[in-house]
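Shown next, in structure tokens, is the structure this report addresses.
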Amino acid sequence: MKSISVLKDRKKQIFEKGGSEPFDMSCEKKSLAGAVSQRACVFCGSRVVLYPIADALHLIHGPIGCASYTWDIRGALSSGPELHRMSFSTDLSETDVIYGGEKKLKMALTELIDQYSPKAAFIYCTCIVGIIGDDVDAVCREVEAATGIPVIPVHSEGFKGTKKDGYKAACDALFNLVRRYPNPEPKPLSINILGEFNIGGETWIIKRYYEAMGINVVSVITGDGRVEEVTRAATATLNVVQCSGSVTHLAKMMEEEYGIPYIRVSYFGIEDTSDALYRVAEFFKDAPEVMEKTRELILNEVKAVIPGLETVKKDLAGKRAALYVGGAFKAFSLIKALKTIGMDVVLAGSQTGTSEDYAILRDMCADGTVILDDANPLELAKYVMEKNADLFIGGVKERPIAYKLGIGFCDHNHERKIPLAGFEGMANFAREVHETVTSPIWDLVPRRANKNTGKGNGK
Amino acid sequence: MTKERPSKPYTATQNACKMCTPLGAALAFHGIERSVPLLHGSQGCATYMRRYLISHFKEPVDIASSNFSEETAVFGGGANLKQAIENVARQYSPSMIGIATTCLSETIGDDVPMILAGMGASIKGTSLVHVSTPSYTGTHMDGFHQAVAAVVDRFNPADKRIGYKPKKKKTVNLFPGMISNADIRHLKEIFETFHTPCTVLPDYSERLEGPSWQEYQPIQEGGTPISVIEKMNVAVHSLEFGAVLALNADKGVDTAGGILKDRFDIPCTRMPIPMGVKATDRFFETLSEVTGKPVPERYQKEKWRLVDAYVDGNKYVSQKKAVIYGEEDFVVSLAGFLSEIGIIPVICATGGKSGLFRQALEQTLPETVWDQMQIHDNMDFTRIEERAAALPDPPDLIIGNSKGYAMARRLNVPLVRAGFPIHDRVGGSRILHIGYKGAQNLFDTIVNAILEKRQSDSSVGYSYM
Numbered sequence: 001m002k003s004i005s006v007l008k009d010r011k012k013q014i015f016e017k018g019g020s021e022p023f024d025m026s027c028e029k030k031s032l033a034g035a036v037s038q039r040a041c042v043f044c045g046s047r048v049v050l051y052p053i054a055d056a057l058h059l060i061h062g063p064i065g066c067a068s069y070t071w072d073i074r075g076a077l078s079s080g081p082e083l084h085r086m087s088f089s090t091d092l093s094e095t096d097v098i099y100g101g102e103k104k105l106k107m108a109l110t111e112l113i114d115q116y117s118p119k120a121a122f123i124y125c126t127c128i129v130g131i132i133g134d135d136v137d138a139v140c141r142e143v144e145a146a147t148g149i150p151v152i153p154v155h156s157e158g159f160k161g162t163k164k165d166g167y168k169a170a171c172d173a174l175f176n177l178v179r180r181y182p183n184p185e186p187k188p189l190s191i192n193i194l195g196e197f198n199i200g201g202e203t204w205i206i207k208r209y210y211e212a213m214g215i216n217v218v219s220v221i222t223g224d225g226r227v228e229e230v231t232r233a234a235t236a237t238l239n240v241v242q243c244s245g246s247v248t249h250l251a252k253m254m255e256e257e258y259g260i261p262y263i264r265v266s267y268f269g270i271e272d273t274s275d276a277l278y279r280v281a282e283f284f285k286d287a288p289e290v291m292e293k294t295r296e297l298i299l300n301e302v303k304a305v306i307p308g309l310e311t312v313k314k315d316l317a318g319k320r321a322a323l324y325v326g327g328a329f330k331a332f333s334l335i336k337a338l339k340t341i342g343m344d345v346v347l348a349g350s351q352t353g354t355s356e357d358y359a360i361l362r363d364m365c366a367d368g369t370v371i372l373d374d375a376n377p378l379e380l381a382k383y384v385m386e387k388n389a390d391l392f393i394g395g396v397k398e399r400p401i402a403y404k405l406g407i408g409f410c411d412h413n414h415e416r417k418i419p420l421a422g423f424e425g426m427a428n429f430a431r432e433v434h435e436t437v438t439s440p441i442w443d444l445v446p447r448r449a450n451k452n453t454g455k456g457n458g459k
Numbered sequence: 460m461t462k463e464r465p466s467k468p469y470t471a472t473q474n475a476c477k478m479c480t481p482l483g484a485a486l487a488f489h490g491i492e493r494s495v496p497l498l499h500g501s502q503g504c505a506t507y508m509r510r511y512l513i514s515h516f517k518e519p520v521d522i523a524s525s526n527f528s529e530e531t532a533v534f535g536g537g538a539n540l541k542q543a544i545e546n547v548a549r550q551y552s553p554s555m556i557g558i559a560t561t562c563l564s565e566t567i568g569d570d571v572p573m574i575l576a577g578m579g580a581s582i583k584g585t586s587l588v589h590v591s592t593p594s595y596t597g598t599h600m601d602g603f604h605q606a607v608a609a610v611v612d613r614f615n616p617a618d619k620r621i622g623y624k625p626k627k628k629k630t631v632n633l634f635p636g637m638i639s640n641a642d643i644r645h646l647k648e649i650f651e652t653f654h655t656p657c658t659v660l661p662d663y664s665e666r667l668e669g670p671s672w673q674e675y676q677p678i679q680e681g682g683t684p685i686s687v688i689e690k691m692n693v694a695v696h697s698l699e700f701g702a703v704l705a706l707n708a709d710k711g712v713d714t715a716g717g718i719l720k721d722r723f724d725i726p727c728t729r730m731p732i733p734m735g736v737k738a739t740d741r742f743f744e745t746l747s748e749v750t751g752k753p754v755p756e757r758y759q760k761e762k763w764r765l766v767d768a769y770v771d772g773n774k775y776v777s778q779k780k781a782v783i784y785g786e787e788d789f790v791v792s793l794a795g796f797l798s799e800i801g802i803i804p805v806i807c808a809t810g811g812k813s814g815l816f817r818q819a820l821e822q823t824l825p826e827t828v829w830d831q832m833q834i835h836d837n838m839d840f841t842r843i844e845e846r847a848a849a850l851p852d853p854p855d856l857i858i859g860n861s862k863g864y865a866m867a868r869r870l871n872v873p874l875v876r877a878g879f880p881i882h883d884r885v886g887g888s889r890i891l892h893i894g895y896k897g898a899q900n901l902f903d904t905i906v907n908a909i910l911e912k913r914q915s916d917s918s919v920g921y922s923y924m
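If you read the protein sequences in the order shown, they are chains A and B. Per our numbering, residue 1 is the first one in the first sequence, and the count goes up by one each step. Per our numbering, residue 460 is the first one in the second sequence, and the count goes up by one each step.
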């Protein structure tokens, strides 16, 4: 078969480290029309960030699709209410599109608030709302006045930018809640955990670490989230931001408004988790017992997971991994984590990386690694084959690409059920990678079987 | 029938029992050889639908997008659509690009037929086929049928009739609607056994369930070739599945079979999706009439084996109560099957709102069960659950796609998974529903679900039935 070609307009978003082309990643662009981007839209960005707030009503204003496709979509756990796992839509019909959807929105909101008694309501505007010109802000004000709960519009019309703009709209909605707290007084030794969504219970793992360090977690935004907790956020002294892309905007607004500084961290892999906890301890250096406790915690946690990692490393050393993730920050951590278990990264890409992100990525990767921005299935397939990857790390849309080509797969998307954060998350990650890479079925898969027996790969 | 409760007591839809129109179109376009669907709208629509379909089929599902921006929404999507078409053509070299609109492009009023006509309705040998699927009208089922009709319309223009009628090759057109891969494969096998060539449209059974690959396939193998679709106008007969589709056609809605009837006078027989003995009998009788051939012995054997299995399991299912839901045509046929084995479909629910659901059920089900059933269209899962919880006796079974899982869990009633989508199990696309074999599969699964529940509820855990 002829090799897969890359669209001319996409060439500036693909680089091979150490290759002949100068590294000048063209990123943060709208996806190319017709290119089958793996990205979603503005609405998706807002929806994923706010999704885990479990006692809020999430009402999607538009025709049914956007609500149908995001029903119970994230593995974001709640220790209490589970209203976030419901899918609410104004389900606009043709007449609403013609005569406007405001009346229906107001009725739906009033009815749902009455039925479920949420602590707040988020109203997501979808594409069509931006076109038919519903005054969603006015409806929200009206319903808020009538019901007494915060009713917050999220301006997430799908076409008004990229997923990143959706993150920003979500941050604006969160800040709307934060600002409602009157005269916040900072609590000692307190932080907010930002950009942690409690996928498979990850928030609980991270919270446990901070508690062991003697740190007071004021709120988690938005993992296992509660409206009241988010509203208290300005009483923390430090914002610890994970998943850089999604909530940095909120951290910046809080810094500006309340003078709360923020640091960017990652809880993925031993190296980055330790670094995150040490940096928080460092911030509270006036309380030296925090650093002591942190050292002890990390020592114990690392000790507990290292033997397991050493075992899997024996089988994984030298195997090749490809990764394609949403935010580039996750890619940095994954590269380090893969190194911990002896694997080489041959492809690294993200949907939403910035040029600074890609520069970091380039420096972290070995020569020959392919770096991609906003890739599509054909490009991903082309390079995982060319680089002969043994493992692909990605989400639902990347999974069949890997599987059709007989490549092991590790799900690092928001649908997964297994926590991959923290030290124990690293152990889970290593186990999952080991399980898929060492599966005996690859001997039966034609592409791999032929390769392994030296019969060529069918080219 | 019991007096109908108001189907729409709330304004909001809570946990929808439907998907939006373009999803059906995107799936139907996957059933045409070397065709690529392209959604004219925001990037998110394509990505969400890909994810939704991948989670069911566990296969790559590529759907391109014209990727609207704010400027596009203001100045119109023509330039974006053109660029998208060119890029898809360049990267995939498809035989066809199926262009489905979305709420966004429909609302701003893009004239897609005009844009495509401006491109000559094709680009370098790639045919451009348009279907209008604003997500604020109908459901994914409407999008599916409309896409099939659009393809037939495009490749069988009224003035292009091939001037001969083949004598030996008596081809039958089959428009099966939205059924599983296993169903499509079973239908093709039946036609083979009848030694009758058949054009199934759409046929995604190979593309969305193919083998492991040696090399990446930008477009998976399989699907109905356009060259074959172009000959649908010389077939001897068309068959169209779907009880509600048939009623819609009676009302004058264009269907694929209807277009071929109107333009080329090809007789079209419409029938419910053949689920259960009676509906399958009807299918085989029709097939026998159309082809002039007797029903092959193997199907007679399959039928009597099935009836014998019904006998063996009769007392486990008789008078059991089931809550069923899904697309209108699927629910109607499922209800027909259940009523013939003695299970009462106490709640028949759908997210569709053709207004023909009740009529289609009445045509299919014996009057004896009418007064034991509630029929609800335009429903969501929250309302289905409310009604199921309010039943005088709790139901014994819930049957439908995996979106009923949360409801089944809360009600502590076994869920038998059937239809689309199956997101929480493997093998969703391999569930066989139709023909005697499909009824056998459903019957065994249903009886075993009832037995398993009895076993797990039992304090002694008996080991014989």
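Beta carbons are placed, not taken as given, at the ideal position from N, Cα and C, and that holds for glycine.
Chain A contact for Phe789/B (CB, 8 Å cutoff)
no
Roughly how many angstroms lie between the CA atoms of Phe534/B and Val445/A, to the nearest whole one?
49 Å
Determine the direct distance from the alpha carbon of Cys243/A to that of Ser273/A, and round the result to whole angstroms.
For the sequence presented, residue 273/A should be read as Thr rather than Ser. Cα to Cα, the separation comes out at about 13 Å.
When you compare only the Cα positions, how much space is there between Tyr864/B and Thr841/B?
12 Å
Check whether the stretch 185–205 of chain A touches the stretch 228–236 of chain A, taking contact to mean three or more Cβ pairs, one atom from each stretch, closer than 8 Å.
yes
What number of angstroms, rounded off, separates the C-alpha of Cys127/A from the C-alpha of Ile73/A?
20 Å
Listed from N- to C-terminal order along the chain, which residues in the stretch 101–112 of chain A have their beta-carbon within a distance smaller than 7 Å of any beta-carbon of chain B?
Lys104, Met107, Ala108, Glu111, Leu112
Answer yes if the stretch 752–770 of chain B comes into contact with the stretch 658–666 of chain B, meaning at least three C-beta pairs across the two stretches below 8 Å, and no otherwise.
no
Do Glu844/B and Ala820/B count as a contact pair if the criterion is CB distance below 8 Å?
A quick correction: the sequence has Leu, not Ala, at residue 820/B. No.
Tell whether a beta-carbon distance below 8 Å holds between Tyr358/A and Cys27/A.
yes
Taking only beta-carbon atoms, is Ser219/A less than 8 Å away from chain B?
no
Determine the extent of the beta strand (DSSP E) in which Cys171/A is found, giving its start and end residues.
Careful: Cys171/A lies outside any beta strand (DSSP E), inside the alpha helix (DSSP H) at 163–178.
Ala471/B CB to nearest chain A CB: under 8 Å?
yes
Got a sec, what are the start and stop residues for the beta strand (DSSP E) Phe392/A sits in?
391–394
Chain-ordered residues of the stretch 59–90 of chain A with a beta carbon less than 8 Å from chain B
Leu59, Gly62, Pro63, Ile64, Gly65, Cys66, Ala67, Ser68, Tyr69, Thr70, Trp71, Asp72, Arg85, Met86, Ser87, Phe88, Ser89, Thr90
Start and end of the beta strand (DSSP E) containing Arg666/B?
Per DSSP, Arg666/B belongs to no beta strand (DSSP E) and is neither H nor E.
Between Glu202/A and the rest of its own chain, which residues show a CB-CB distance below 6 Å, the 5 nearest in sequence each way excluded?
Pro419, Ala421
Are there 16 or more other CB atoms within 10 angstroms of the CB of Met573/B, so buried, or fewer, so exposed?
exposed
In chain order, what residues of the stretch 19–45 of chain A put their CB closer than 8 Å to some CB of chain B?
Lys30, Ser31, Leu32, Ala33, Gly34, Ala35, Val36, Ser37, Gln38, Arg39, Ala40, Cys41, Val42, Phe43, Cys44
Per DSSP, which one or two residues make a beta bridge with Glu523/A?
Nothing in the structure corresponds to residue 523/A, since chain A is present only between 1 and 459.
Check each residue of the stretch 314–342 of chain A: if its Cβ is closer than 8 Å to any Cβ of chain B, include it; give the result in chain order.
none
Indicate whether Thr472/B and Asp839/B have their beta-carbon atoms separated by less than 8 Å.
yes
Within 8 Å (strictly less), CB to CB, does Gly158/A reach chain B?
yes
Out of Pro440/A, Trp442/A, Gly425/A, which has the shortest C-alpha to C-alpha gap to Trp204/A?
Gly425/A
Please list the segments of the beta strand (DSSP E) lying wholly inside the stretch 766–854 of chain B, counting only runs of 3 or more residues, in order along the chain.
780–785, 803–809, 833–835
Cβ of Pro880/B within 8 Å of Cβ of Ser861/B?
yes
Select from Pro851/B, Gly636/B, Phe650/B the residue whose C-alpha is nearest the C-alpha of Glu786/B.
Gly636/B
Would you list, in chain order, the members of the stretch 597–620 of chain B that have their beta-carbon closer than 7 Å to a beta-carbon of chain A?
none
Whole-Å CB distance - Ser594/B paired with Gly65/A, under 8 Å assumed
5 Å
In chain order, each beta strand (DSSP E) run of at least 3 residues that lies wholly inside the stretch 35–89 of chain A
56–61
Counting only beta-carbon separations shorter than 8 Å, does Ser501/B have a partner in chain A?
yes
Give me, in chain order, the residues of the same chain whose beta-carbon lies closer than 8 Å to that of Phe159/A; leave out the 5 immediate sequence neighbours on both sides.
Cys41, Val42, Cys127, Gly130
Within the continuous alpha helix (DSSP H) that includes Met291/A, where are the two ends?
288–316
Enumerate in chain order the residues of its own chain whose CB-to-CB distance from Thr436/A is below 8 Å, with the five nearest sequence positions on each side excluded.
Leu391, Gly408, Phe409, Cys410
Pull the bridge partners of Ile191/A from the DSSP assignment, please.
Val217/A, Leu238/A
Members of the stretch 528–546 of chain B near chain A, C-beta cut-off 8 Å
Ser528, Glu529, Thr531, Ala532, Asn539, Leu540, Gln542, Ala543, Ile544, Glu545, Asn546
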